[in-house]
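Colleague: Take this structure, written in structure tokens, and hold onto it; I'll ask about it next.
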Amino acid sequence: MTDIQALLGDEADSLLNHQCKTIPSSSLHLPGPDYVDRVVAQKDRKVGVLRSLQQMYNTGRLAGTGYLSILPVDQGIEHSAGASFAPNPAFFDPAAICELAVEGGCNAVASTLGVLSSVARRYAHRIPFIVKINHNELLSYPNIHDQTLFASVQQAFDMGAVGIGATIYFGSHESRRQIQEISEAFAYAHELGMCTILWAYTRNEAFKQDGVDYHVSADLTGQANHLAATINADIVKQKLAENNGGYLAVGHGKTHQKVYDELTSDHPIDLNRYELANCYMGRAGLINSGGGSSGESDLAQAVRTAVINKRAGGMGLISGRKAFQRPMPEGVKLLNAIQDVYLSQDVTIA
């Protein structure tokens, strides 16, 4: 098992022993082996959706825990194939992506229509597929921040996927159209018995003020999560909050002083718990992004994010570049280290 405490270094005591005094854990719908029966079954979802979710929860090293470790590889479009796969050219081949998810003990693999459809008959029965149906491609010049549909719900269903994923850039000028498109797509996916995952990202140049990037501000990401839950995302993917006070800095929208005085603190676990509270207190599961690859520190960073997510009440991690931009054995090791956090009896709810 991974030495979690050693990887956390100087933050070990703060992250492993912090007690959350903002939003109590007793208010949350926490992950667990019975999550589908206890939480999802209360919703209006069709039986097929429950089955699809349960298939994910019963796959990989985290099977039976209620936690998720998902490998996402849509960066070939989102960041360009060259930028994403040049560090490890083997991953230009979709089979390598699926093989990493299988060997890494993941619950599911999330990728593009083309990636997953090209190897569907080989892997769709071995690991649950999540088809990412929209993307922001960066070949157009000048670049724009807009998510465009690349695939249909029916295509995902026909290849045997258990779910679909999508991104909405909340706060952007195009977000109203994206909300409508993805809300309709999620409704149809649920009709077909597939689950839904929303990448609930904030995007607006005004969210950067005085050198501070409030795209990762707990109050703004929290509201993005709330909007994601509103359009019936079963699982919400969000970046780990790094600061707070985005509403106040931007001077737009509505908030409440209690958000800053009582419902959050400057501790990363408390900020993450506020993100979770906005997911209907966990009725929509919160998984956090693993972030980009920065080299030798990737393992420690991934474990740190997993500890924060688990102790806040989150459901897991979705980590891509840190895993696939390195040799396969190292990618497997990193994914396993993330999973070790969720398997550890010593990492508990704060």
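The numbering of the sequence shown is our numbering, which starts it at 1292 and goes up by one. Glycine residues also receive a C-beta, built at the ideal position from the N, C-alpha and C atoms.
What does DSSP give as the partner residues of Phe1382 in its beta bridges?
Modeller: BP columns for Phe1382 are empty, so no partner.
Colleague: Is Val1507 helix, strand or coil by DSSP?
Modeller: helix
Colleague: What are the residues that DSSP puts in a beta bridge with Pro1363?
Modeller: Ala1401
Colleague: Any idea what DSSP makes of Ile1473, helix, strand or coil?
Modeller: helix
Colleague: Using a 10 Å radius around the Cβ and a threshold of 16 neighbouring Cβ atoms, would you call Gln1636 buried or exposed?
Modeller: Exposed is the call here.
Colleague: Check the DSSP bridge columns for Leu1440 and list the partner residues they point to.
Modeller: Leu1440 pairs with Asn1425.
Colleague: Would you tell me roughly how many angstroms separate the C-alpha atoms of His1517 and Glu1390, rounded to the nearest one?
Modeller: 34 Å
Colleague: For Arg1412, does the count of other Cβ atoms within 10 angstroms reach 16, so buried, or fall short, so exposed?
Modeller: exposed
Colleague: Measure the C-alpha to C-alpha separation of Thr1350 and Glu1496 and round it to an integer number of angstroms.
Modeller: 39 Å
Colleague: Identify whether Ile1455 lies in helix, strand or coil by the three-state DSSP scheme.
Modeller: strand
Colleague: Taking the Cβ atom as the reference point for each residue, do Thr1403 and Asp1561 lie within a distance shorter than 7 Å?
Modeller: no
Colleague: How long is the line joining the alpha carbons of Arg1352 and Pro1620, rounded to whole angstroms?
Modeller: 16 Å
Colleague: Would you report the Cα separation of Glu1587 and Asp1504, rounded to the nearest angstrom?
Modeller: 24 Å
Colleague: Under the rule that 16 or more other beta-carbon atoms within 10 Å means buried, what is Gln1310, buried or exposed?
Modeller: exposed
Colleague: Taking the straight line between their C-alpha atoms, what separation do you get for Gly1456 and Asp1301?
Modeller: In this structure, the straight-line span from the alpha carbon of Gly1456 to that of Asp1301 is close to 36 Å.
Colleague: Residues in its own chain within less than 7 Å of Ala1509 by CB, not counting five upstream and five downstream?
Modeller: Closer than 7 Å at the Cβ level, and outside the excluded window around Ala1509, lie Ala1532, Asn1535, Thr1555, Leu1562, Tyr1565 and Glu1566.
Colleague: Thinking just about the alpha-carbon of each residue, which of Val1541, Asp1552 and Ile1522 is nearest to the one in Arg1336?
Modeller: Ile1522
Colleague: Considering Cα atoms alone, identify which of Gly1405, Ile1418, Asp1631 and Gly1454 is closest to Val1340.
Modeller: Gly1454
Colleague: Just curious, the alpha helix (DSSP H) that Asn1563 is in, first and last residue?
Modeller: Pro1559 to Ala1568
Colleague: Rounded to whole angstroms, what's the CA-CA distance from Ala1447 to Ala1593? Just pull it up for me.
Modeller: 29 Å
Colleague: With 7 Å set as the bound, which would you pick, yes or no: does the beta-carbon of Gly1355 sit closer than that to a beta-carbon of chain B?
Modeller: Structure shown: chain B not included; a single protein chain is present.
Colleague: Tell me which same chain residues have a C-beta within less than 6 Å of the C-beta of Ala1515, skipping the five on either side of it?
Modeller: Phe1461, Ala1491 and Thr1493
Colleague: Count the other CB atoms, across all protein chains shown, that sit within 10 Å of the CB of Asn1379; report buried if there are 16 or more and exposed otherwise.
Modeller: buried
Colleague: Could you pull the start and end residues of the beta strand (DSSP E) that Tyr1492 belongs to?
Modeller: Tyr1492 -> beta strand (DSSP E) spans Cys1486 to Thr1493.
Colleague: For Ile1488 and Ile1526, I'd like the C-alpha separation in whole angstroms.
Modeller: Put simply, the backbone Cα of Ile1488 is about 5 Å away from that of Ile1526.
Colleague: Can you tell me whether Asp1294 is buried or exposed? The criterion is at least 16 other CB atoms within 10 Å of its CB, across all chains shown.
Modeller: exposed
Colleague: So what's Leu1577 in DSSP terms, helix, strand or just coil?
Modeller: strand
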